[in-house]
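Visitor:
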Amino acid sequence: MVDQRLRKISFASLVAATVAIFVAGCNSGESTATDKPEGGTNATTTEKLSGSISIDGSSTVFPISEAFSEEFGKEQGDIKFAVASSGTGGGFKKFAAGELDITGASRPIEASEIEAAKKNNIEFVEVPIAFDGLSVIVNPKNSFAETLTVAELKKIWEPNSKVKTWKDVRSDFPAEPIKLYGAGTDSGTFDYFTKAIVGKEKSSRTDYQASEDDNVLVQGVSGDEFALGYFGYAYYEQNQDKLKLVKVDAGKGGISPSPETIADGTYAPLSRPLFLYVNKKSLDDKPEVKAFVAFLLSKAKEIVPTTGYVQLPDEAYTIAQERVDKKVVGTSFQGAETGITITDLLKRETVK
Amino acid sequence: MNFLFLRRLRTRSNKRWVKDKLFEFICQLSVLLAVAILIALLWSVFSTGIGRVSSQFLTSFPSRIPQNAGVKAAILGSLWVVGITGIVAIPIGVAAAVYLEEYKIRDSKLTDFIQINISNLAGVPSIVYGLLGLELFVRLAGLGRSILAGSLTMTLLILPMVIIVSQEALKAVPRTIREASYGLGATRWQTIRYQVLPSALPGIMTGIILSLSRAIGESAPLITIGAVTYISSIPEGVNDRFTVLPIQIFDWSSRPQKGFQDAAAGAIVVLLAILLIMNSLAIILRARARR
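So the protein sequences, as listed, match chains A and B. Each number in the working numbering comes from the position in the first sequence (counting from 1) with 110 added on. Each number in the working numbering comes from the position in the second sequence (counting from 1) with 63 added on.
#1: In three-state terms, what does DSSP make of glutamate 181 of chain A?
#2: Reducing DSSP to helix, strand and coil, say where alanine 344 of chain A ends up.
#3: Only counting runs of 3 or more residues, tell me where the beta strand (DSSP E) segments fall wholly within the region 156 to 203 of chain B, in order along the chain.
#4: Within 10 Å of its beta-carbon, does tryptophan 315 of chain B have 16 or more other beta-carbons around it, so buried, or fewer, so exposed?
#5: Counting only C-beta atoms, is tyrosine 293 of chain B closer than 8 Å to chain A at any point?
#6: Looking only at its own chain, which residues have a Cβ that is under 6 Å from the Cβ of leucine 327 of chain A, when we skip the five neighbours before and after it?
#7: Return yes when the Cβ of valine 108 of chain B is within less than 8 Å of the Cβ of valine 332 of chain B, no when it is not.
#8: Assuming the contact rule is C-beta atoms closer than 8 Å, valine 279 of chain A and glutamate 262 of chain A should be a hit. Round their C-beta distance to whole Å, please.
#9: Inspect the beta-carbon positions of methionine 268 of chain B and leucine 338 of chain B and report whether they are closer than 8 Å.
#10: Using Cβ-Cβ distances below 9 Å, what residues of the region 296 to 325 of chain A are close to chain B?
#11: If we define contact as Cβ-Cβ less than 8 Å, is alanine 143 of chain A a contact residue for chain B?
#12: Beta-carbon separation of alanine 430 of chain A and leucine 393 of chain A under 8 Å?
#13: Please report whether the beta-carbon of lysine 135 of chain B lies at a distance below 8 Å from any beta-carbon of chain A.
#14: For a test of the three-state rule: what should DSSP assign to isoleucine 310 of chain B, helix, strand or coil?
#15: Can you tell me where the alpha helix (DSSP H) with aspartate 454 of chain A in it begins and where it stops?
#16: Take the Cβ of tyrosine 166 of chain B as the centre, count every other Cβ of all protein chains shown within 10 Å, and call the residue buried at 16 or more, exposed below.
#17: Give me the subset of the region 408 to 426 of chain A whose CB atoms are less than 7 Å from a CB atom of chain B, sorted by chain position.
#18: Quick one: what's got a C-beta closer than 8 Å to leucine 334 of chain B's C-beta in the same chain, skipping five residues either side?
#19: Taking only beta carbons into account, state which residues of the region 161 to 189 of chain B come closer than 8 Å to chain A, listed in chain order.
#20: In chain B, what lies closer than 8 Å to valine 193 of chain A by C-beta?
#21: Pull up the distance between the alpha-carbon of serine 442 of chain A and that of aspartate 334 of chain A, whole angstroms please.
#22: In the structure shown, what three-state DSSP assignment does alanine 192 of chain A receive?
#23: On the DSSP bridge list, what partners appear for arginine 382 of chain A?
#24: Using 10 angstroms around the beta-carbon of threonine 216 of chain B, count the other beta-carbons present and answer buried if the total reaches 16, otherwise exposed.
#25: With DSSP run on the structure shown, which of helix, strand or coil describes proline 218 of chain A?
#26: Rounded to whole angstroms, what's the CA-CA distance from proline 415 of chain A to threonine 371 of chain A? Just pull it up for me.
#27: Would you mind working out which of B:Ala326, B:Ile190, B:Arg202, B:Val144 sits nearest valine 120 of chain B, comparing C-alpha positions?
#28: Below 8 Å, can you find three or more Cβ-Cβ pairs linking the region 257 to 273 of chain B to the region 223 to 231 of chain B?
#29: Give a yes or no on whether the C-beta atoms belonging to serine 164 of chain A and leucine 210 of chain A are separated by under 8 Å.
#30: With a Cβ-Cβ cutoff of 8 Å, do glycine 112 of chain B and alanine 283 of chain B count as a contact?
#31: Starting from the C-beta of glycine 201 of chain A, find all residues in its chain whose C-beta is less than 6 Å away, skip the five residues before and the five after it, and write them out in chain order.
#32: How about glutamate 311 of chain A and aspartate 301 of chain A: are their beta carbons less than 8 Å apart?
#33: I'd like to know whether the C-beta of arginine 127 of chain B is nearer than 8 Å to at least one C-beta of chain A.
#34: In angstroms with no decimal places, state the Cα-to-Cα distance between threonine 239 of chain B and alanine 263 of chain B.
#35: Please classify glutamine 130 of chain B as buried or exposed, where buried requires at least 16 other C-beta atoms within 10 Å of its C-beta.
#36: What residue range does the beta strand (DSSP E) around isoleucine 429 of chain A cover?
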């Protein structure tokens, strides 16, 4: 037998649930209406800014967006930051739909993405923010692979590659089977590595251990004497005791990735710029976005290195700020280019 | 002859006895294995993560400096999402189960069809629900990437499970109780409301708590609908943007810095603690309902 009290409780909870749904439903109607103008108000405050900044995009750029949001939040306590990481492509989709103030990208915007944005009258200002170097890694016990040329890397990674053992790479290497670890096909790292090494984006052999999570690759290479892998430089930096860097030779001798060689472009072709794309409408209408962009360009030198990436030359940040001030829209990067410095690129005319 | 018969009987019963003991032993071993795995899991999680859990960790926002990072926004986000999911999913799920068990016309092709579909829906990968939620709630209904959109997506995800488990609980209520109720002149509503539902309540609650535990551990559908990874404010209503613990754990565990791996371990401890608290609450409530 069930007592009276329980009956009351269960009935009351049913009523409460129904009321709650109803209230939730009403709420959503009301506040979506009031939410929208919120961002644009408070335009002339001289003290602390308020409002909200919505950022999405590449998971590679996410640590940078997070760091700046955190630091700017400390100065301007009333700004609500929402930073997601749904990938470079996913970010551009939402950006083109006008849902974001800023999107992070681990490659320049593509023509089709510019088209999509144009359809919705979304214009953007391109802001390069940091460099990321891809490192080629072997196990510390590996004593023979000091330097690999770009051609050898291509031979290893191209589709239908015949390389099965280290001996197939270079004849004086041991005839031990080569175990490969690399980026998963959904990551920007994969796009960039294949373009820079194989020559065509997304073109790679498929019989290798793939993971979107670079820590998995670190574990793989550090536990396998005859492994070879590639991933972000930051992951090498944090695991130096377990891994060994391979110098990459693009025709000018072997070069190791380091903050210096990545920044000055000598570590080619495996260093790439990372970008933030700022919605021009947000720059015009939302003072908090404008202030945030100015903040990140002025503080990039100090904050970028703490996120595991390499800062751009000072001049690049100055030019970027000029572009923001003049609201120069469009991109000056087309695909992965090598042999031209970032400052020269920034001085070029943009493609809208 | 009599002697032979007895002997045969004894050998046969010896064999049966051995089988009986063997089966018991296998069952015991299975229980031990399950418990051992659970203990090993809890031990490895708690030993690596407990050191990171502190009041600072529980009351801070995420940070680029691993030592300063915390899970405040993620805990509150998780509680909001699970809370709203429960409020929406429980009444709908239980009502659907009541309909299917108590009102359905026997051998109707339509209810059979519904039944098969619900069973199949329970097996659909969670990311698919994320895509559905993105189109339905975020875009079409215009809810944006809010707690409400996330909770409704989670509702879709756990509804089949709530319905199926509630149905089983209702099936377990003896027919005689219903018949006695009708015999006394009660209507169908009175029978369900005062006899069937209260008897089935403990079983239904078990189902609900299992479903909500699943909802609190999911990240894929919420990432799909656009839950954020870094947020500098705590949610104040169902229309605010949010993050949840599994997303925070996923992000930290993929970072290069060792400090973030520790933070991820700490966040896992917090998530497990919330789960254990939820489950024990349910067990206490269930024990009360049984009395």
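By construction, the Cβ of each residue, glycine as well, lies at the ideal position given by its N, Cα and C atoms. A quick note: this is a predicted structure, and the numbers were derived from the prediction, not measured.
Guide: Considering the structure as presented:
#1: helix
#2: When secondary structure is reduced to three states using DSSP, alanine 344 of chain A falls in the helix class.
#3: none
#4: Tryptophan 315 of chain B is buried by the Cβ-count criterion.
#5: yes
#6: Hits under 6 Å: Tyr291, Ser321, Gly339, Phe341.
#7: In contact: valine 332 of chain B and valine 108 of chain B (Cβ atoms closer than 8 Å).
#8: About 5 Å separates the two Cβ atoms, so the contact holds.
#9: No. Outside cutoff.
#10: Those residues of the region 296 to 325 of chain A that come within reach of chain B (Cβ to Cβ, closer than 9 Å) are Glu322, Asp323, Asp324, Asn325.
#11: The predicted position of alanine 143 of chain A is uncertain, since its pLDDT is 37 and thus under 50; no value can be drawn from it.
#12: Their beta carbons are not under 8 Å apart, which means alanine 430 of chain A does not touch leucine 393 of chain A by this criterion.
#13: no
#14: helix
#15: 452 to 457
#16: exposed
#17: Thr416, Thr417, Gly418
#18: Around leucine 334 of chain B: Ser141, Ile279, Gly280, Leu308, Pro309, Ile312.
#19: none
#20: Val291, Thr292, Tyr293, Ile294
#21: 42 Å
#22: strand
#23: A:Asp242
#24: buried
#25: coil
#26: 14 Å
#27: In the sequence on display, residue 120 of chain B carries phenylalanine and not valine. For phenylalanine 120 of chain B, the nearest C-alpha among the options comes from B:Ala326.
#28: Contact holds between the region 257 to 273 of chain B and the region 223 to 231 of chain B, because three or more Cβ pairs, one in each stretch, are under 8 Å apart.
#29: Cβ distance < 8 Å, so serine 164 of chain A and leucine 210 of chain A count as in contact.
#30: For glycine 112 of chain B and alanine 283 of chain B, no; Cβs fall outside 8 Å.
#31: Within the same chain, glycine 201 of chain A has close Cβ partners Asp166, Gly167, Thr213.
#32: It is a contact, given that the beta carbons lie within the stated cut-off.
#33: Using a Cβ-Cβ cut-off of 8 Å, arginine 127 of chain B counts as an interface residue toward chain A, since at least one Cβ of chain A sits closer than that to its own.
#34: 14 Å
#35: exposed
#36: Under the DSSP assignment, isoleucine 429 of chain A falls outside any beta strand (DSSP E), being part of the alpha helix (DSSP H) whose first and last residues are 424 to 436.
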